[in-house]
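J.: Numbering (the working numbering), first residue to last: 49 to 208.
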Amino acid sequence: MTREGFLREGFLREAVRLASDSVEAGGGPFGAVVVKDGRVVGRGRNRVTESCDPTAHAEVVAVRDACANLGSHQLEGCEIYCSSEPCPMCLGAIYWARPDAVYFANARDEAAAAGFDDAFIFEEIERLPGDRRIRMHRIDLEGAGEPFLLWEAKGDRVEY
């Protein structure tokens, strides 16, 4: 195994360890670490039930931790190691954070076999808003575009 492969395996083992810690703490079996320049800059384990926060997935917690530690809303130059393939929400957070790569140990079908099946969310994303299980309705509201106009006119905005 190459040195790079050895390091990647070590980071992935840390994500899996965090997933086991999460189970012992009463959470879901998921863990993640964010790595930059060969060192861990963010850690996360599933905290959904303990924090009563459905967005507190391991990957989101790790991204938040890394961004806070790095003082940036972007993770360019970073890699994320996850105990399992990221769900649609985590995948969205990862894309917004823009890391260089993601590595994971368990595939989504393995998570599904353990009771964490997110296939229906992937399917829902493909549907038009009006055809989704949770009804979504657009309301034509006068002035709703004002925040976008303000954003476009803001000369000192921070792009993301």
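Where is the CB? At the ideal position from N, CA and C, for every residue including glycine.
Let me check you understand the geometry: is the CB of E57 closer than 7 Å to at least one non-hydrogen atom of the ligand MG?
T.: With respect to the ligand MG, the structure shown offers nothing to examine, as it has no ligands at all.
J.: How would you label L198, buried or exposed, when you count the other beta carbons within 10 angstroms and need 16 or more for buried?
T.: Exposed, since its Cβ has fewer than 16 Cβ neighbours within 10 Å.
J.: What residue range is occupied by the uninterrupted beta strand (DSSP E) comprising R205?
T.: Where R205 is concerned, there is no enclosing beta strand (DSSP E), given that its DSSP letter is neither H nor E.
J.: Report the rounded CA-to-CA distance for M137 versus A201, giving the unit in angstroms.
T.: Roughly 30 Å separates the two Cα atoms.
J.: If I measure Cβ to Cβ from Y151 and keep anything under 8 Å in the same chain, skipping five residues before and after, which residues do I get?
T.: If we look at Y151 and ignore the five residues flanking it on each side, its Cβ neighbours are R56, F59, L60, E127, I128, Y129 and C130.
J.: Using CA atoms only, rank isn't needed, just tell me which of E194, E98 and A192 is closest to V71.
T.: That would be E98, whose Cα lies nearest to the Cα of V71.
J.: Would you grab the beta carbon distance between E124 and A80 for me? Rounded to a whole angstrom, and I think it's under 8 Å.
T.: Wrong, their Cβ atoms sit about 18 Å apart, outside the cutoff.
J.: So which of R95, Y208 and P77 has the shortest CA-CA distance to R146?
T.: The residue with the shortest Cα to Cα distance from R146 is Y208.
J.: Looking at the unbroken beta strand (DSSP E) that takes in F59, where does it start and where does it end?
T.: Element bounds for F59: not the beta strand (DSSP E) but the alpha helix (DSSP H), R51 to E72.
J.: Give the range of the beta strand (DSSP E) segment to which I128 is assigned.
T.: Here the beta strand (DSSP E) through I128 covers C126 to S132.
J.: Ends of the beta strand (DSSP E) at G86?
T.: Neither: G86 is in no beta strand (DSSP E) and is coded neither H nor E.
J.: Terminal residues of the continuous beta strand (DSSP E) containing F152?
T.: From DSSP, the beta strand (DSSP E) with F152 extends over A149 to N154.
J.: Leaving out the 5 sequence neighbours to the left and right, which residues in its chain are closer than 7 Å to A73 when beta-carbon positions are compared?
T.: Closer than 7 Å at the Cβ level, and outside the excluded window around A73, lie E98.
J.: Assuming A110 and V82 form a contact by the criterion Cβ under 8 Å, report the distance between their Cβ atoms to the nearest whole angstrom.
T.: A110 to V82, Cβ: 5 Å. Contact.
J.: Would you identify the three-state DSSP class for R93, choosing helix, strand or coil?
T.: If DSSP states are grouped into helix, strand and coil, R93 belongs with the strands.
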